[in-house]
Amino acid sequence: MNVERISCGILADFNAEPLVDLLRNDGLYPGIEASLAPPGHVLQALIELRERRWRQHPDLVVVWTRPETISCFRSLLHFEPVASEVLLEQVDQFADLLIAASTHVGCLLMVTWSLPWYRRGLGLLSMRGEFGWAHNLARMNLRLAERVHRNPKVYLLDSAHWLSRVGAEANNPKLWYQGKMAFSLEVLQEASAEIKAAVCGLAGLSRKLILLDLDDTLWGGIVGEDGWQNLRLGGHDPFGEAFVEFQEALQALTRTGVLLGIVSKNDEATALAAIDNHPEMVLRRDDFAGWRINWRDKAANIVDLVSELHLGLGSVVFLDDNPAERSRVREALPEVLVPEWPANQMLYTQALLEMRVFDRPAVTGEDQTRVKTYASDRERRSLQRSFQSVTEWQAALGLVVEAAILGESNLLRATQLLNKTNQMNLKTRRLTQSEFLEWSRQPGHAVFVFRVSDRFADYGLTGLASLQEAETCAQIADFLLSCRVLGYGVESAILHFLVEQARRRGRKELIAEYKRTERNAACLSFFDTVSGFRRDGDTFRWDAPDRCALPEHITLRLCGVSPCAPQHLEAAHGLAAASSLSE
Amino acid sequence: MSNAPNPASAEVAECVRRSLHQILEVKGRRPAFPLPDSTVLIGTSDALLDSLSLVMFFAELEQELQRRWGVSVDLFAGTGLEDNDNAAETLGTITDGILGLLSDHGGVSGTATERGLP
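Note that the protein sequences, when read in sequence, are chains A and B.
Residue numbering for the first sequence follows the working numbering, starting at 432 and increasing by one per position.
Residue numbering for the second sequence follows the working numbering, starting at 7 and increasing by one per position.
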């Protein structure tokens, strides 16, 4: 999905014209050109989409209907008795239609059903099973969510959140009767922002790193003056409690793959003593991917730290209570997101949680343990300092690279990697899960994934490469490696693997065409330094009869990948299931 | 309405313009400010608003008047602007209409000419 040129269709059973305008004009990234199906023709439009009768297949379809779309629920609104199973059957039919229609679009976002706030459902009755509006509405939304749960193309957006944010102004009967607008402009503004956040999340553009100031940001008080024992953190203190909750919210984000770092003007030993020793600290040293605690300019420190973590500045959010520091970083590093930050510390958690820059379609095992790999990276660097040479150090790491074929069990993570990797990335292709799956299934295409581990950590699935075969040669369609394992020789191991596949397949040449972006110079540099490649402009050619050495310090294991190329390519086309990929 | 607020007419005019600006921004139009009273809102080919935008503008304006001064006026109902054939034609006439409604609620200080707008 190319976020710069997204085509979007909106299907709604109310007048959603202002949403089309907002998606284009609200100033948030990315601007989306949307078109609107005639109001009230949602089911017909979905059927036409399912049957490929739309003139164009949009990248994105947003479906937003009132719950009355489900005819049984309409009866419920008239307090007519409805059998629960019939109601849910209608929801199932609607969900099936969404899923079927989604096969012809990049992604389908369905907005959950809601009722206007003034529809109380007679209070006591509302959460009762038989006639309860709120009860049945919740069941319908839950059923819909369960139905599409495993579908990689259909996602639900929670409208209840938007409505509660807007409050009583969310629904205005005058707008409905005068303009068939089911929701106020404020709700549509929320919707537009959420749709864009979802698009960014699906495209892998969510922010990855939060850099935090310490004094009066992570805790209350100045550690260098007050001492860590006297910081406002926890205890019977409203501000202390607020800081603890803020830290808990940050820690929770790390479990979804977001990294934390510290950029603070402080004495490092003093600050780290607070982090290590304060009994109410939620975040400890291992919760941070890295830090720069010194008296240097914060913008310079951010550049330095982000480089160490192999990330781009565009993946960073910087939080600081000091407006002058925020202004400085905003001015020096425009790619870094520097949100205005509340003056009242009790509002920090709210400010963090309402940010729309960490959205993602799924959380993988790698996401959940990412921060640990950075902690182990510090140990690894510490080990490096104890060795005389890089070769000795690399040998001591005990690096293992496991190659496997793209399968159902690793598709999610592989797609995430494809869409998030910038630096060591040959082509920087961006595809949705289903687009990637479709591509991998085409004849002559094969996708391989690579897990990396060493004595300190299991980095998880951090490498990906794909081949596209022509008559006499094999083209490398993707060659990418997470920045977390750059510099250990893993890229050379993957290249060795690809050359072997091309050789065994009888291809005379392995071709890598480098596609330049603003951020993938590291990839060009790697291909440039591999002896054995002939370079012609941005095209690198390897004579496949020649072997490509596997780095001595790396053990390469094939998991379900036969060294015999024809077999593995067949398996790749069939997308071998996880169970068949065991060693 | 003995406790009714007493907004100055200039404040009301600014409130009307702010609500209008918000609707125009949604449409991707950002006119140079201040818009003159003679700005045609609806009814001609060069009018700023279409019918749906006018509905949204009225709804937004009602909310804004409620938020700022706690005044509940109904721009859609028979007592509001809808009955007056001319009220919604230009920015000036709608502002005057709002001032009239607020005056009925017992709370506008100053006159329309004191709005200080072109």
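Ideal Cβ positions, reconstructed from N, Cα and C, are used throughout, including at glycine.
These numbers were taken from a predicted model, which means no experiment stands behind them.
Residue 676/A versus residue 917/A: straight-line alpha-carbon distance, rounded: Numbered from 1 along the first sequence, position 245 holds the residue referred to as residue 676/A. Numbered from 1 along the first sequence, position 486 holds the residue referred to as residue 917/A. In a straight line, the C-alpha of residue 676/A is about 35 Å away from that of residue 917/A.
Tell me whether the region 646-655 of chain A and the region 476-485 of chain A touch, counting them as touching only if at least three CB pairs, one residue from each stretch, are closer than 8 Å. no
Taking a contact to mean a Cβ-Cβ separation below 8 Å, would you say residue 627/A touches residue 461/A in this structure? Taking the first residue of the first sequence as 1, we reach residue 627/A at position 196. Taking the first residue of the first sequence as 1, we reach residue 461/A at position 30. Yes.
Which residues, taken in chain order from the region 54-70 of chain B, show a beta carbon closer than 7 Å to some beta carbon of chain A? 58, 61, 62, 65, 66 and 69
Are the beta-carbon atoms of residue 836/A and residue 630/A separated by less than 8 Å? By 1-based counting over the first sequence, the position of residue 836/A is 405. By 1-based counting over the first sequence, the position of residue 630/A is 199. Against a cut-off of 8 Å, the Cβ pair of residue 630/A and residue 836/A comes out as no contact.
On a Cα-Cα basis, can you pick out the residue from 590/A, 555/A, 508/A and 512/A that is closest to residue 1019/A? Any question about residue 1019/A goes unanswered here, given that chain A covers just 432 to 1014.
What is the rounded straight-line gap between the Cα of residue 707/A and the Cα of residue 886/A? Counting from 1 along the first sequence, the entry for residue 707/A is found at position 276. Counting from 1 along the first sequence, the entry for residue 886/A is found at position 455. Distance between the alpha carbons of residue 707/A and residue 886/A: 25 Å.
Contacting residues, own chain, Cβ-Cβ under 6 Å from residue 496/A (five flanking each side not counted): Locating residue 496/A in the first sequence gives position 65, counting from the first residue. Same-chain partners within the cutoff: 444 and 473.
So residue 600/A contacts chain B; which residues on that side make the cut at Cβ distance below 7 Å? Within the first sequence, residue 600/A is the residue found at index 169, counting from 1. The answer, in chain order, is 69.
Is the shortest distance between the beta-carbon of residue 615/A and the beta-carbons of chain B less than 8 Å? For the purposes of this step, residue 615/A is taken as residue 184 along the first sequence, with counting starting at 1. At least one chain B Cβ lies under 8 Å of residue 615/A.
Contact with chain A by residue 32/B, beta-carbon distance below 8 Å: Here residue 32/B is taken as the residue at index 26 of the second sequence, counted from 1. For residue 32/B, the answer is yes, since a Cβ of chain A falls inside 8 Å of its Cβ.
When you compare the CB positions of residue 853/A and residue 947/A, do they come within less than 8 Å of one another, or not? By one-based count along the first sequence, residue 853/A stands at place 422. By one-based count along the first sequence, residue 947/A stands at place 516. No, the pair does not count as a contact, with Cβ atoms beyond the cut-off.
For residue 436/A, go through chain B and note every residue whose CB falls closer than 9 Å to its CB, in chain order. Your numbering for residue 436/A matches position 5 in the first sequence. Those do not exist, as residue 436/A stays about 18 Å from chain B at its closest Cβ, beyond 9 Å.
Would residue 780/A and residue 847/A be called neighbours here (beta carbons separated by less than 8 Å)? The residue labelled residue 780/A in the question sits at position 349 within the first sequence. The residue labelled residue 847/A in the question sits at position 416 within the first sequence. Taking 8 Å as the Cβ cut-off, residue 780/A and residue 847/A do not qualify as a contacting pair.
Inter-residue spacing [alpha-carbon to alpha-carbon] between residue 65/B and residue 621/A: Against the second sequence, residue 65/B aligns to sequence position 59. Against the first sequence, residue 621/A aligns to sequence position 190. Their Cα atoms are separated by approximately 17 Å.
Scan the region 853-876 of chain A for residues whose Cβ lies nearer than 8 Å to a Cβ of chain B and list them as they occur along the chain. none
Between residue 729/A and chain B, is any beta-carbon pair separated by less than 8 Å? Your numbering for residue 729/A matches position 298 in the first sequence. No, because no Cβ of chain B sits closer than 8 Å to the Cβ of residue 729/A.
Sufficient close CB pairs (3 or more, under 8 Å) joining the region 694-701 of chain A to the region 720-731 of chain A: yes
Please name the residue in 493/A, 465/A and 561/A whose C-alpha comes closest to that of residue 538/A. Looking up residue 538/A in the first sequence gives position 107. With distances taken between Cα atoms, residue 538/A lies closest to 493/A.
By Cβ distance, which residues of its chain are closer than 8 Å to residue 701/A, with the 5 residues on each side in sequence left out? Position 270 of the first sequence, counting from 1, holds the residue named residue 701/A. Cβ within range, chain order: 654, 655 and 659.
Per DSSP, which residues does residue 643/A bridge with? Please list them. On the first sequence, residue 643/A is found 212 positions in, with the first residue counted as 1. Its beta-bridge partners are 693/A and 750/A.
Contact check, residue 540/A vs residue 467/A under 8 Å by CB: the rounded distance? To locate residue 540/A, count along the first sequence from 1; it is residue 109. To locate residue 467/A, count along the first sequence from 1; it is residue 36. Not really, about 15 Å apart at Cβ, beyond 8 Å.
Please classify residue 877/A as buried or exposed, where buried requires at least 16 neighbouring CB atoms within 10 angstroms. For this step, residue 877/A is matched to residue 446 along the first sequence. Buried: at least 16 other Cβ atoms inside 10 Å.
Pick out the complete beta strand (DSSP E) segments inside the region 818-845 of chain A, 3 residues or longer, and give them in chain order. 830-836
Apart from the five residues just before and just after residue 513/A, which ones in its own chain have a Cβ nearer than 7 Å to its Cβ? Indexing the first sequence from 1 puts residue 513/A at position 82. Once the five neighbours on either side are set aside, the close Cβ partners of residue 513/A are 503, 506 and 507.
Closer than 8 Å, CB to CB, is residue 85/B near chain A or not? Here residue 85/B refers to the residue found at position 79 when the second sequence is read from its first residue. Legend: pLDDT at residue 85/B = 44, less than 50; position of this residue unreliable, value from coordinates given subsequently. Chain A, which has no Cβ nearer than 8 Å to the Cβ of residue 85/B, makes this no.
Could you check the C-alpha separation between residue 24/B and residue 83/B for me, to the nearest Å? Here residue 24/B corresponds to residue number 18 of the second sequence, with the count starting at 1. Here residue 83/B corresponds to residue number 77 of the second sequence, with the count starting at 1. Taking the straight line from one Cα to the other gives about 22 Å.
CB-CB under 6 Å to residue 36/B, same chain, minus the five flanking residues each way: which ones, in chain order? Against the second sequence, residue 36/B aligns to sequence position 30. So the list is empty, once near-sequence residues are dropped.
The beta strand (DSSP E) that contains residue 725/A, what's its start and end? The residue labelled residue 725/A in the question sits at position 294 within the first sequence. Element bounds for residue 725/A: 721-725.
Residues near residue 523/A by beta carbon distance below 8 Å, same chain, minus five either side: Numbered from its first residue, the first sequence carries residue 523/A at position 92. For residue 523/A, where only same-chain residues beyond five positions count, the Cβ hits under 8 Å are 574 and 578.
Please specify which runs of the alpha helix (DSSP H), each continuous and at least 4 residues long, are wholly inside the region 763-813 of chain A, giving them in chain order. 779-784
Host alpha helix (DSSP H) of residue 971/A (start-end): Along the first sequence, one-based indexing puts residue 971/A at 540. Note, residue 971/A: premise wrong, no alpha helix (DSSP H); beta strand (DSSP E) at 970-974.
According to DSSP, simplified to helix, strand and coil, what is residue 456/A? As a working mapping, residue 456/A is identified with position 25 in the first sequence. If DSSP states are grouped into helix, strand and coil, residue 456/A belongs with the helices.
Looking at C-beta atoms only, is the number of pairs between the region 713-722 of chain A and the region 802-810 of chain A that lie closer than 8 Å three or more? yes
Quick check for students: name the residue ranges of the alpha helix (DSSP H) that lie wholly in the region 618-674 of chain A, counting only runs of 4 or more. 654-657
By DSSP, does residue 906/A sit in helix, in strand, or in coil? Counting from 1 along the first sequence, the entry for residue 906/A is found at position 475. Residue 906/A: strand per DSSP, three-state reduction.
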